[in-house]
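Everything in the sequence shown is counted per the UniProt record's numbering, starting at 1 for the first residue and increasing by one.
We treat Cβ as the ideally placed atom computed from N, Cα and C, and that holds for glycine.
Since the structure is predicted, the reported quantities are computational estimates derived from the model, not experimental observations.
A quick write-up on the structure given underneath.
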Amino acid sequence: MSSPAKKRKLNNSSKTAAAQPKGLEYFFSKQRQVETSVSAPAETQVSGDGSSKLSDEELARRLQAEYDLEASNGPAEDGGTEKTERDKEVSGITEQYEQNTEALTSSPKKDVSNLAGVSNGAPEQPGKTLTLQSTGTAEDAVTSSIPLDESPLVFDPSQYVTQLRQHWAADGGNASYGLLTRCFVLVSATTSRIKIVDTLVNCLRVLIEGDPSSLLPAVWLATNSISPSYISLELGLGGSAISKALRNVCGLDNRSLKAIYDKYGDAGDVAFEAKKKQSFTLRKPKPLTIKGVYQSLVKIATSQGQGSNEAKQRIVDRLLQDARGGEESRFIVRTLCQHLRIGAVKTTMLIALSRAFLLSRPLEADFALKSVPDLSTLKKEELAEVWGKAEEIVKACFARRPNYNDLIPVLLEIGVTEELLVRCGLTLHIPLRPMLGSITRDLSEMLTKLQGRDFACEFKYDGQRAQVHCDEKGKVSIFSRHLELMTDKYPDLVELVPKIRGEGVGSFIMEGEVVAVDRATGELKNFQALTNRARKDVEIGSITVDVCLFSFDLMYLNGQPLLDRPFRERRELLRSLFTEVPHHFTWVKSLDATSGDSEAVLDFFKSATESKCEGIMVKIMDNLTDVPYIDSASEQPQGLEASEKLSTPKSKSKSKQKAKNAAAADGEEGKPKSRRKPLLATYEPDKRLDSWLKVKKDYNSSFDTLDLIPVAGWHGQGRKAKWWSPMLLAVRNEETGMFEAVCKCMSGFTDAFYKANKLFYDNGDESGEPKNVRFQKPSFIEYSGPSPDVWFEPQEVWEMAFADITLSPTYTAAIGLVSDERGLSLRFPRFLKKREDKGIEEASTNEFLAGLWRKQEAKAVSERDTKAAGEEEEDEV
């Protein structure tokens with residue numbers, strides 16, 4: 001602890017320093033003593049008393065003009081000594097300024113290797129030049145004029161690649177971040193999925209042909225991530241780091257920055273406005289490159305230990321300082337906040353990649369491309385078939401190995417070919433995306449769908465889905481359904497693996513449900529008990545919540561993928577080659593049945609619910625391609641067709657009419673069009689198919705649930721005035737990444753929930769520190785009703801019940817899927833529970849909501865027809 005004398009000394013020295021601020025005027029003070037070769041008006045001279053009538057900007061301009069004139073004239077014959085002295089002074093001023101702004105211009109010394117194998121941005125330019133740069137208006141003029149939103153069959157990258165390479169050459173030859181920003185601006189300006197895909201395709205094609213090495217980091221940046229889910233690499237930046245960077249770089253104080261935020265609400269928009277207020281800087285920014293931005297993010301994510309916060313702050317400051325213009329600043333900040341929201345979700349990006357590699361290739365590659373003139377002559381349906389084949393290959397590869405670091409290098413080498421499925425196939429310790437089951441309304445609907453098939457009913461346990469990988473050396477990896485690595489969470493399961501491996505089992509990938517159990521009795525516990533278990537660095541001796549792994553599938557065995565094998569064969573291998581350990585490892589409880597065993601299935605379902613299970617899963621056992629499948633569309637009565645015509649988008653109606661005309665031309669006009677299709681029993685990663693059906697205890701003919709995202713709230717009335725009530729909820733649009741508002745809810749909440757919810761979504765009225773809220777509408781939420789009092793930061797999923805679904809002029813959910821003018825809303829929504837096992841990327845989609853509405857309408861029409869038939873019979877009697 002400092003002594004009083006030392007404290008006084010420190011206080012005095014700080015006061016002395018405070019009394020003599022060293023601003024730009026101090027750095028330019030020696031300039032008054034030097035004879036300048038640039039004549040200046042008398043009113044702009046520095047007065048003898050040391051005070052200056054010039055602003056900092058005017059002083060800087062004056063010095064720059066003198067420096068430039070000297071550089072152009074060269075050394076004078078009779079004034080060499082004077083010029084040399086002036087050079088020293090200018091150099092000293094520049095060095096002093098840069099030292100004074102070290103936090104803005106220095107980079108962290110620690111070299112962090114690039115995750116994707118890309119190099120850093122352009123090298124530093126030699127020498128130091130004092131430059132006035134208008135950062136508020138500076139834009140990448142070369143890329144801003146490229147029409148990336150044209151149709152890919154019209155856009156020709158070769159027209160721009162040569163110019164772009166020359167433009168990039170000055171900064172090391174790497175593609176500029178301005179190109180990606182141009183793409184983001186165009187994508188953000190439209191809600192058309194076709195336009196979004198086209199813009200991404202064209203941007204990717206420019207990179208493929210112009211700078212293939214920047215393609216991988218560009219894809220990571222466009223998908224708002226820097227690594228796959230199973231590699232934990234988080235930026236770990238708080239809002240304070242970005243706010244501090246904006247204050248440092250743009251010269252704003254706290255009050256000015258808060259005023260901008262209160263007006264716009266979005267961090268990216270705040271950066272856009274703040275950058276405009278930054279008029280000049282004495283250091284010329286080094287243009288950002290795609291590689292450089294990505295590498296900076298990786299450095300932020302991997303900075304650890306003492307001094308890491310300062311290192312992260314310097315990187316953030318540098319990114320914002322080097323951003324050219326408001327748009328680059330906007331998207332840099334949105335990237336840092338992890339809220340890019342441009343609609344480039346996983347599916348959209350995979351579609352764009354597949355199309356881009358059908359039309360473009362790197363210079364050194366020789367794989368075949370599709371002819372643009374030939375594609376231009378195809379009909380819409382034929383073109384969709386060409387695109388669709390390539391999309392299925394790329395999606396299948398990513399589902400088996402969900403890592404752009406593995407996918408894109410192979411695409412650059414061989415393009416979209418069947419070989420891609422081999423090169424990017426199933427691999428140990430890299431999780432595949434799990435197969436999902438479709439929801440059925442009740443057991444009778446399930447039995448109707450699966451007529452003529454053998455199927456297995458399995459308990460649907462209330463636990464955590466787990467994917468267990470084990471190689472021949474015994475290394476074990478465990479992944480969640482979100483593909484997150486959770487090996488450290490379950491060391492007891494890792495220790496269990498050698499005990500369950502049967503004779504002859506080398507490597508395997510197994511899937512099952514981890515459930516909390518009573519070790520002594522084997523009694524199942526609910527999911528809430530499992531959440532009480534620690535998530536990281538769990539020691540076996542400290543485990544208080546015991547678990548059991550209930551295995552239900554085997555996808556890989558001894559180096560061979562089993563995805564194409566039928567479920568009956570996969571299950572037989574699982575049960576014959578692995579050893580059961582009671583209350584530690586076993587198989588899911590199951591019942592083999594057919595549609596004729598309705599009583600046995602009903603008893604099994606009741607047994608599942610009584611055992612604290614969520615319900616049952618029903619899985620097709622064999623590949624019976626000759627047995628047709630009746631999907632939900634075929635169950636719709638003919639009476640619904642008239643109402644569907646009123647609520648179906650025009651484009652879909654036209655395509656239906658074309659299909660009818662084609663059928664008539666083939667002489668099939670009188671035959672009803674079959675909607676039956678075969679169902680396969682194979683394992684289909686990342687697909688939700690009717691070969692797996694989910695029947696929960698909460699699902700029945702009159703009771704459906706949706707998993708919705710809370711996005712906003714209003715101040716309550718009366719007793720609820722201090723809480724949020726009602727709250728606005730939304731479904732997600734899987735194609736655009738937008739959240740579409742579907743209803744308000746104020747039913748089903750307890751007082752305890754209201755209190756906890758107000759603390760979680762805190763607007764700062766009482767605490768003074770807002771948390772998880774926004775005060776302006778986010779650009780990624782679609783809602784046109786009365787403005788709420790506060791917008792929530794989307795991060796939770798709530799399970800909601802409701803009476804029925806209605807068409808709505810206010811809510812935008814599923815607009816265009818059931819009506820061109822109106823969206824869908826819920827009548828009498830009621831909160832059931834938080835879905836802690838789900839992230840917002842697994843919330844219900846607008847497509848699922850539209851499907852429920854169609855089923856509801858089909859049921860209503862069927863009931864009307866039945867009632868009408870009954871009335872006719874009574875009249876006859």
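Item                                                                                                          : Value
Where Asp546 sits in the DSSP three-state scheme                                                              : coil
Under the three-state DSSP convention, the category Tyr261 falls into                                         : helix
Helix, strand or coil at Glu539 [DSSP, three-state]                                                           : coil
From Met510, Tyr490, Arg481, residue whose alpha carbon lies closest to that of Lys536                        : Tyr490
Same chain, Cβ closer than 6 Å to Asn100, five either side skipped, listed in chain order                     : Because the pLDDT of Asn100 is 40, which lies under 50, any placement of that residue in the model is unreliable, and the number read from its coordinates should be weighed accordingly. Taken in chain order, the list of residues that qualify is empty.
Three-state secondary structure (DSSP) of Ala245                                                              : helix
Given 8 Å, three or more beta-carbon pairs between the segment 184-195 and the segment 242-249                : no
Own chain, CB closer than 6 Å to Leu164, minus 5 neighbours either side, in chain order                       : Gly210
Nearest candidate by alpha-carbon position, reference Leu824, set Lys720, Ala813, Lys834, Val219              : Ala813
Same chain, Cβ closer than 7 Å to Thr190, five either side skipped, listed in chain order                     : Ile196
Simplified DSSP assignment, three categories, for Arg575                                                      : helix
Closest Cα partner of Pro582 within the set Leu852, Asp518, Trp168, Ser595                                    : Asp518
Exposure label - Leu817; buried when at least 16 CB within 10 Å                                               : buried
Between the CA atoms of Pro409 and Pro809 - distance to the nearest angstrom                                  : 47 Å
Contact belief for Tyr177 with Leu336 at Cβ below 8 Å, rounded distance in angstroms                          : Contact doesn't hold; Cβ gap of about 13 Å is too wide.
Element boundaries [alpha helix (DSSP H), containing Gln467]                                                  : Run containing Gln467: none in the alpha helix (DSSP H); it sits in the beta strand (DSSP E), 464-470.
The alpha helix (DSSP H) enclosing Ala356, as first and last residue numbers                                  : 346-359
Bounding residues of the beta strand (DSSP E) (the contiguous stretch that carries Lys834)                    : 830-834
Rounded separation between Thr594 and Leu221 - CA only                                                        : 49 Å
Asp622, DSSP secondary structure in three states                                                              : coil
Reduced DSSP secondary structure (H/G/I, E/B, other) of Thr302                                                : helix
Residue from Thr806, Val797, Leu849 whose Cα sits closest to the Cα of Leu832                                 : Val797
Nearest-angstrom Cβ-Cβ length linking Leu233 and Ala301, presumed shorter than 8 Å                            : 5 Å
Assigned exposure category for Ala858 - 16 Cβ within 10 Å defines buried                                      : buried
Local Cβ density within 10 Å of residue 914, reported as buried at 16 or more and exposed below that          : Outside the displayed range of the chain (1 to 877) lies residue 914, so it cannot be described from this structure.
Backbone secondary structure at Ala323 - three-state DSSP                                                     : coil
Burial state of Phe828, where buried means 16 or more other Cβ atoms lie within 10 Å                          : exposed
Every unbroken alpha helix (DSSP H) within the segment 439-525, with a cutoff of 4 residues, ordered by chain : 443-449, 491-500
Cα-Cα separation between Leu443 and Asp597, rounded to whole angstroms                                        : 11 Å
Proximity winner among Lys395, Ser787, Ile208, Arg568, relative to Ser691 (alpha-carbon distances)            : Arg568
Nearest neighbour of Thr223, chosen from Leu319, Ser213, Asn403 [CA to CA]                                    : Asn403
Member of Arg565, Arg441, Asn174 whose CA lies at the smallest distance from the CA of Val206                 : Asn174
Val581, DSSP secondary structure in three states                                                              : strand
Simplified DSSP assignment, three categories, for Phe775                                                      : coil
Unbroken beta strand (DSSP E) run spanning His715, endpoints                                                  : 704-715
Rounded separation between Leu436 and Asp686 - CA only                                                        : 7 Å
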